[in-house]
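Single-structure report; data block below.
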Amino acid sequence: MIPASGRGASGYNYPMPYTWLLFDADGTLFDYDTAEEKALLATFRQMNISYQPAYGPLYRRFNAEVWEAFEAGKISAERLRVERFSCLLEATGIDADALEFSTRYLLNLSLGTDLMPGAIETLQTLWAVYRLALITNGLKDVQRPRLERAGIAHFFEVIAISEEIGVAKPDPAFFDALFAQLGNPPLEQALVIGDGLTSDIQGALQYGLDACWYNPRHLPPQPRYPARFEIHHLGELPALLNGQVNHSSQGREP
7 MIPASGRGAS GYNYPMPYTW LLFDADGTLF DYDTAEEKAL LATFRQMNIS YQPAYGPLYR
67 RFNAEVWEAF EAGKISAERL RVERFSCLLE ATGIDADALE FSTRYLLNLS LGTDLMPGAI
127 ETLQTLWAVY RLALITNGLK DVQRPRLERA GIAHFFEVIA ISEEIGVAKP DPAFFDALFA
187 QLGNPPLEQA LVIGDGLTSD IQGALQYGLD ACWYNPRHLP PQPRYPARFE IHHLGELPAL
247 LNGQVNHSSQ GREP
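If you're matching positions, the sequence shown starts at 7 in my numbering and goes up one per residue.
And the structure:
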């Protein structure tokens, strides 16, 4: 790929000088919302418990709280697995074992292969030009089977899973371990692509990496997390990296 030699008048319009593209998994490549809903429904069915519409939002609230604690280094992955279901069962008064609930749910989640629009096509295009790595805070017994079942594992030279590393994004120690696996390339040769403002964008920026915010919901600008680029569809990424379009998130029109 031709290295960047400068900026055009409208922004970054030369091919980008990246060697490594570092993709988040859930919410970026995988359609996590769909997979989560399917896994919850299947788990309630297997446990012979009637699923009520209020259970989904309640679970997502507890899940978000537990993941936030995990990414802040306050709880372990093992505790994360069970605690969100302990909270759900207690709040709903359901008489069931949280560990069994978690085990069944994670197995069901690992079966989910729903991808975000354009994921495979984008990976196929970029794989021919760049070296790709997957960086995820997901659990190893969920992520590795999903990657294989979805047919995208072979795109990635490195798959970095926080549970295996022992620390989660955005902790710099995660990126230390990641870059050791990458062979310690210069930071300017790597771009993080992800939907998570704290785990992905903040993690990249505080480590000195460029970041591309994948924002499929068209959320408003987030000045606390100034990603270098922003895209709304994965299919925009090849043209952006080739300098054919300007998706700089800095100074965008309101």
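Idealized CB from N, CA, C, for every residue including glycine. Predicted model only: the values in this text are computed from it and were never measured.
(message) Just verifying my parser: in three-state terms, what is the DSSP assignment at G241?
(response) helix
(message) Under 8 Å: do the stretch 67-79 and the stretch 167-179 share three or more Cβ pairs, one atom per stretch?
(response) yes
(request) Reducing DSSP to helix, strand and coil, say where F50 ends up. (result) helix
(message) My assumption, with CB atoms under 8 Å, is that G200 sits in contact with Y220. Please give the rounded CB distance.
(response) 6 Å
(request) Would you identify the three-state DSSP class for E106, choosing helix, strand or coil? (result) helix
(message) Between the alpha carbons of F91 and T128, how many angstroms are there, rounded?
(response) 35 Å
(request) Using only alpha-carbon positions, find the residue among D120, L132, S56 that is nearest to A31. (result) D120
(request) Can you tell me the Cβ-Cβ gap for A139 and L188, rounded? I've got them flagged as a contact below 8 Å. (result) 6 Å
(request) For the alpha helix (DSSP H) containing V72, list its first residue and its last residue. (result) 61-77
(message) Check whether the stretch 43-62 and the stretch 106-116 are in contact - that is, three or more C-beta pairs closer than 8 Å.
(response) yes
(message) Using the three-state DSSP reduction, which class does Y24 fall into: helix, strand or coil?
(response) coil
(request) Out of E71, Y57, M122, G144, state which residue places its alpha-carbon closest to the alpha-carbon of L240. (result) M122
(message) Taking the beta strand (DSSP E) that D37 belongs to, which residues open and close that run?
(response) Careful: D37 lies outside any beta strand (DSSP E) and carries neither H nor E.
(request) Identify whether T119 lies in helix, strand or coil by the three-state DSSP scheme. (result) coil
(request) Take the Cβ of N54 as the centre, count every other Cβ of all protein chains shown within 10 Å, and call the residue buried at 16 or more, exposed below. (result) exposed
(message) Buried or exposed for E236, going by 16 or more other Cβ atoms inside 10 Å?
(response) buried
(message) By alpha-carbon positions, which one of L94, E84, N143, R137 ends up nearest to T34?
(response) N143
(message) For K175 and G214, which I take to be in contact (beta-carbon distance under 8 Å), what is that distance rounded to the nearest angstrom?
(response) Not a contact, Cβ separation roughly 14 Å.
(request) Decide if A179 is buried, meaning its Cβ has at least 16 other Cβ atoms within 10 Å, or exposed. (result) exposed
(message) Taking the alpha carbon of L94 as the reference point, which residue from H224, A70, F29 has its own alpha carbon closest?
(response) A70
(request) Using beta-carbon positions only, say whether E194 and P23 come within less than 8 Å of one another. (result) yes
(request) Could you check which residue in L203, N248, A217, Q212 has the C-alpha nearest to that of P226? (result) L203
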